[in-house]
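The structure appears right after this line, and notes come after that.
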Amino acid sequence: MTKTITDVICPFCGTLCDDIEVTVSDDGKKLLEVANACVIGTEKFLHSQSTDRVTKPRIRQEDGSWKTISYEEAADYTAKALAKAKKPLMYGWSSTNCEAQSVGNEIAEIAKACCDNTAAVCHGTTLIAVQDIGLPTCTLGEIKNRADRIIFWGCNPAHAHPRHMSRYSIFPRGFFTGKGQMSRKMIVVDPRCTDTARMADVHLQVEQGRDYELLNALRVAFKGEWLPDVVAGIPAEKIREAADLMKSGRFGIIFFGMGVTQSLSKNHNIDIAIAVTKDLNEYTKFSIMPMRGHYNVTGSGEVFAWQFGFPYSVDLTRGFARYNPGDSSSIDLLKRGEVDMMFTIGSDPGAHFPISAVRAIAKVDSVCIDPHITPTSGVSKLHVPVAFNGVECGGNCYRMDNVPIDCRKVVEPPEGMMTDLDFLTMVCTRLKKLKGAA
Amino acid sequence: MDTVTITMKNAPALYLEADTISPDAFAGKSAAQIAELPVFEGNNPSTLGKYFEVTGNAGATAADTRIVVKGDVKRVKYIGFRMTAGEIVIEGSADQYVGGWMKGGKITVRGNVDAFAATAMKGGEMVIEGNAGNYLGAAYRGDWRGMSGGKILVKGNAGSDVGMYMLGGEIVINGNCDVHVMTHAEGGRVIIRGNAASKLGGQMVEGDIYVFGSIDVMMPGFKPVDEVELTVDGTKAKFAHFIGDTGERHKKKKGVVVYGNLYKKI
Ligand code: SF4
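So the sequences go chain by chain: B and R.
For my numbering, add 1 to where a residue sits in the first sequence, where the first one is 1.
For my numbering, add 79 to where a residue sits in the second sequence, where the first one is 1.
See below:
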C-alpha cells in the first residue's frame with residue numbers, strides 16, 4: 002500500500018508551489034511519485050531518493066581523500082574553526098528553513114562573523130535599491146486576481162519559475178481577471194528572444210546593458226518630455242507606446258530577474274524600475290516584485306533583517322551589525338582575501354562564484370553543509386550531509402512575495418541523518434562553551 | 080605643526096580597520112600613546128603599535144598635527160575617518176574608506192585608493208595622485224546624503240558611482256570615469272577632464288557635470304538646450320548644454336523648474 006500526501010510545498014524555486022501531491026511507501030521511508038510539480042520541482046523531490054547519497058560527515062585528509070567521521074566530531078571541528086577565525090564568512094542559507102537560519106545567526110553573532118546569503122549573487126542589488134527608495138509591492142494572490150498588465154523584465158519564468166505563469170501571473174482566471182490570459186497584456190523586456198518573450202504581446206529587445214537607459218526613457222515618456230529617436234536599440238515611438246500600454250491598465254506588475262540585477266548598473270536598474278513603478282501609480286495601480294530564485298532566499302533576508310537589521314552581507318566582526326555590499330559582500334571578501342574561514346550552508350558558491358573567489362575558499366578552513374555532493378563540498382575541508390529540507394524535514398520558508406509558508410516533511414531521511422537545525426544547534430552549543438558565552 | 084610618522088612593519092594577515100589614523104585621534108598624544116590606539120583585524124582587537132612603528136609626537140590639536148603614513152597600507156581601511164583638521168599624507172596606496180565622513184583638513188594620497196573614499200565628505204580637501212575606486216564622494220549604503228562639501232582631486236581615473244547622492248562640493252577627475260556619475264545628486268559638481276562611459280546624471284535632481292572628453296552613451300533623460308562658453312577648472316571652452324534628468328522630480332525656484340546640468344566640451 003502507498004499513501005498520498007496532498008498540499009505539499011515544493012522546495013525548489015521562489016514560487017514555492019503549495020499544491021504538490023506526493024506518494025510515499027506505507028512505512029514513509031520511500032518517496033515514489035510526485036504530481037503537480039514542474040520538471041525541476043519533481044527532480045528535487047526524487048533526488049532525495051538517490052542511492053549514492055553521502056549520509057555521514059566526511060573530513061578531508063592530508064592526502065586529499067575523505068575520512069568518514071561522526072556528527073559530533075564534525076560539530077567539534079566546525080565550532081573550533083569558527084572560534085579560532087578572525088573573520089569567518091558564513092554564506093548560503095537560501096535552501097534551508099528559517100528556524101535553521103535563526104540558529105545560524107546566533108552562531109554568527111557569537112563567532113563575530115560576516116554572514117551573507119545567495120542574494121549576494123542574485124537579488125542583493127534589489128535589496129540595495131529597496132533600501133534606497135522603497136518598494137511598492139503586493140502578493141502573488143493580488144496579481145492572480147487583479148493584474149492586467151504583466152511585465153517581465155530580464156527574467157525568463159518559462160524556464161526558471163516554470164509554474165509562475167500558470168499559477169499566478171498569466172493564465173489563471175482570478176476575481177477581476179475572469180478571462181485569464183485574455184484579460185492581460187504581457188510585456189517582456191529581454192535582449193534575447195526567450196520562450197517567455199515569444200509569448201509576449203510586446204517584446205522590447207533592449208540592447209545588452211542598457212536597461213537603465215530604457216527605464217529612464219519610460220519615465221521621460223510618462224511625462225511627455227523630449228526623447229532621442231532611439232534608446233537602448235528601441236525606437237522612441239515604441240517606447241511611448243509601451244508607456245501608454247502600462248498607463249492604461251487597471252493593475253500592473255513588473256517582475257524582474259537577474260537579467261537586470263546582475264547586468265551593468267545593477268542596483269541602479271532596480272532603483273529606477275521602482276521609480277517607474279512609483280511614477281505609474283500617478284495613473285493607475287502598479288507594483289513591482291523580484292523573481293527570487295532559491296525557495297527560501299527571501300526567508301533568509303527576512304531572518305537577517307529581523308535579527309540584524311539588514312537583509313544580506315552583514316558584517317558582525319566588530320560586535321555590531323554593519324552592511325555595505327562592496328565591502329561586506331561575500332565575493333568581495335573572498336576575492337580580496339579578507340576572510341580566514343568559510344562556512345557554507347544550503348548553497349553552492351563553488352559553482353556560482355568567480356573562480357578567484359572559489360580559490361580563496363580552498364585556501365582557508367572550510368565547512369560545507371549540504372545534502373548533495375557539490376563543487377563547494379569538493380573544495381571544502383569538511384562536508385556535512387544533512388536531510389533535505391522541505392522533503393525530509395519541515396520548517397518555515399518565504400515565497401518570493403514575502404508570504405511565509407511552512408514546508409512539510411513527506412518522507413524519512415536516511416537512518417541517523419541530521420537536519421540543518423539539529424546540526425547547527427550542536428555547533429552553537431559547542432561554540433558557546435569555547436567562547437564562554439553559555 | 081608637528082609630524083607623526085607611522086610606518087607599516089607587521090602587515091596584517093587579513094585587513095586592518097584603522098579608523099584611529101586621523102589627526103583628531105592623534106592630537107595631544109605622544110608616539111607611545113599613539114601606538115596604544117585601538118585597531119581591528121577582523122574581530123580581533125589590537126593596537127596601532129602592533130602593526131606600525133610610530134615616531135614623533137602629535138601637536139596639541141588636530142589642526143597642529145600632520146600624519147605621514149609609510150609602507151604598504153593597501154590592506155588598511157578607514158585612514159582619515161571623520162577627520163576635522165590637520166593633514167595626512169599617505170605615501171603609497173590605501174584601501175577603502177579613505178577620508179570617509181571627513182569634515183576638514185587635507186589628505187594626500189600618492190598612490191591609489193580603493194572604493195568608498197570620501198564617503199559623505201562634508202569639508203576639507205583630498206588629493207589622490209593615482210586612481211580612485213568606486214563610490215568616490217558617494218553616500219554610505221542606504222543613506223541619501225553623499226558628499227556635501229569640500230574638494231576632491233583625482234589625478235588618475237575614477238571608478239563607477241562617483242558622487243552618488245552628492246549634495247555639494249566639487250570633484251575633479253583628470254582621467255577617465257566609469258559608469259554612473261552623480262546618480263540621485265541634488266547638488267555639487269563633478270568635472271571629468273578625460274572620457275566618461277555612460278549613465279551620467281541618472282535620476283539627478285540638481286547639480287552640474289562637466290565632461291571634457293567623450294561620453295559613450297548619453298542618458299535619454301538629458302535634453303539638449305544650447306551651447307555655452309564657460310571657464311571650468313581654469314580652462315575656457317565651448318560646451319554643449321543638456322538639462323535633466325527630465326524623468327526625475329525637480330524643485331521649482333521662483334516659479335522655474337531647476338534641472339541638473341550636463342556640459343560636454345565641443
Ligand atoms: S515552479 Fe518552482 S516551486 Fe513550483 S513546482 Fe516548479 S520548481 Fe517547484
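For each residue, glycine too, the CB sits at the ideal point set by N, CA and C.
- Where B/HIS204 is concerned, there is no enclosing alpha helix (DSSP H), although the beta strand (DSSP E) around it starts and stops at 203-205.
- If you draw a straight line from the Cα of B/ASP20 to the Cα of B/VAL9, it is about 6 Å long.
- Under DSSP, B/CYS369 shares a beta bridge with B/THR345 and B/HIS384.
- The continuous alpha helix (DSSP H) containing B/PRO350 extends over residues 350-353.
- Distance from the CA atom of R/ARG224 to the CA atom of R/GLU306, rounded to whole angstroms, is 31 Å.
- Excluding the 5 residues flanking it on each side, R/ILE207 has same chain C-beta neighbours closer than 6 Å at VAL188, VAL192 and VAL233, in chain order.
- Residues of the same chain with a CB within less than 6 Å of the CB of B/PHE153, apart from the 5 flanking positions on each side, are VAL189, THR197 and PHE256 in chain order.
- DSSP lists B/ILE254 as the beta-bridge partner residues of B/SER288.
- At a cut-off of 8 Å, the beta-carbon of B/ALA38 counts as near the ligand SF4: some heavy atom of the ligand is closer than that.
- With a beta-carbon spacing of about 10 Å, R/ILE85 and R/ILE169 fall beyond the 8 Å limit used to define contacts.
- Selection B/GLY302, B/MET418, B/ASP191 and B/SER266 evaluated against B/SER103 yields B/GLY302 as nearest (Cα-Cα).
- Not flagged as an interface residue toward chain R: B/VAL261, since no C-beta distance is shorter than 9 Å.
- DSSP places B/ALA322 outside any beta strand (DSSP E), giving it a letter other than H or E.
- Residues of the segment 212-225 of chain B with a C-beta atom less than 9 Å from some C-beta of chain R are TYR213, GLU214, LEU215, LEU216, ASN217, ALA218, LEU219, ARG220, VAL221, ALA222, PHE223 and LYS224, listed in chain order.
- Our two residues, B/HIS295 and B/SER96, have alpha carbons roughly 6 Å apart in a direct line.
- Distance from B/LEU32 to B/VAL411 at the Cβ level is roughly 6 Å; contact confirmed, criterion being Cβ atoms closer than 8 Å.
- In the DSSP assignment, R/TYR94 falls outside any beta strand (DSSP E) and carries neither an H nor an E.
- Judged by DSSP in its simplified three-state form, R/GLY212 adopts coil rather than helix or strand.
- No heavy atom of the ligand SF4 is found nearer than 8 Å to the CB of B/HIS124.
- Contact check for B/ASN106 against B/CYS115 fails: the beta carbons are separated by 9 Å or more.
- Residues of the same chain with a CB within less than 6 Å of the CB of B/VAL207, apart from the 5 flanking positions on each side, are VAL190, PRO192, LEU215 and ALA233 in chain order.
- DSSP assignment within the segment 273-320 of chain R yields no whole alpha helix (DSSP H) run of 4 residues or more.
- Three or more Cβ pairs closer than 8 Å define a contact, and the segment 400-420 of chain B meets that threshold against the segment 279-296 of chain B.
- Look at B/ILE41: its beta carbon is less than 8 Å from one of the heavy atoms in the ligand SF4.
- In terms of side-chain proximity, the C-beta atom of B/PHE13 is found nearer than 8 Å to a non-hydrogen atom of the ligand SF4.
- Against chain B, the beta carbon of R/GLU120 has neighbours under 7 Å at LYS87, listed in chain order.
- Between the beta-carbon of R/GLU120 and that of R/LYS88 there is about 15 Å, and that puts the pair past the 8 Å contact cut.
- Three or more beta-carbon pairs drawn from the segment 342-349 of chain B and the segment 83-99 of chain B are found closer than 8 Å, and the two stretches are therefore classed as touching.
- For the segment 175-243 of chain B, the full-length beta strand (DSSP E) segments reaching 3 residues or more read 186-190 and 203-205 along the chain.
- Flagged as an interface residue toward chain B: R/PHE195, by a C-beta distance shorter than 9 Å.
- In this structure, DSSP gives B/MET2 a state outside helix and strand, which the three-state scheme calls coil.
- Burial check for B/PHE252: the Cβ neighbour count within 10 Å reaches 16 or more, so the residue is buried.
- According to the DSSP assignment, B/THR262 belongs to the alpha helix (DSSP H) that extends over 259-262.
- Taking a Cβ-Cβ threshold of 8 Å, none of the residues of chain R is close to B/TRP94; the smallest such distance is about 20 Å.
- The three-state reading of DSSP puts R/MET87 in strand, counting E and B together.
- Nearest neighbour of R/GLN175 by Cα position, chosen from R/TYR214, R/ILE167, R/GLY150 and R/GLU166, turns out to be R/TYR214.
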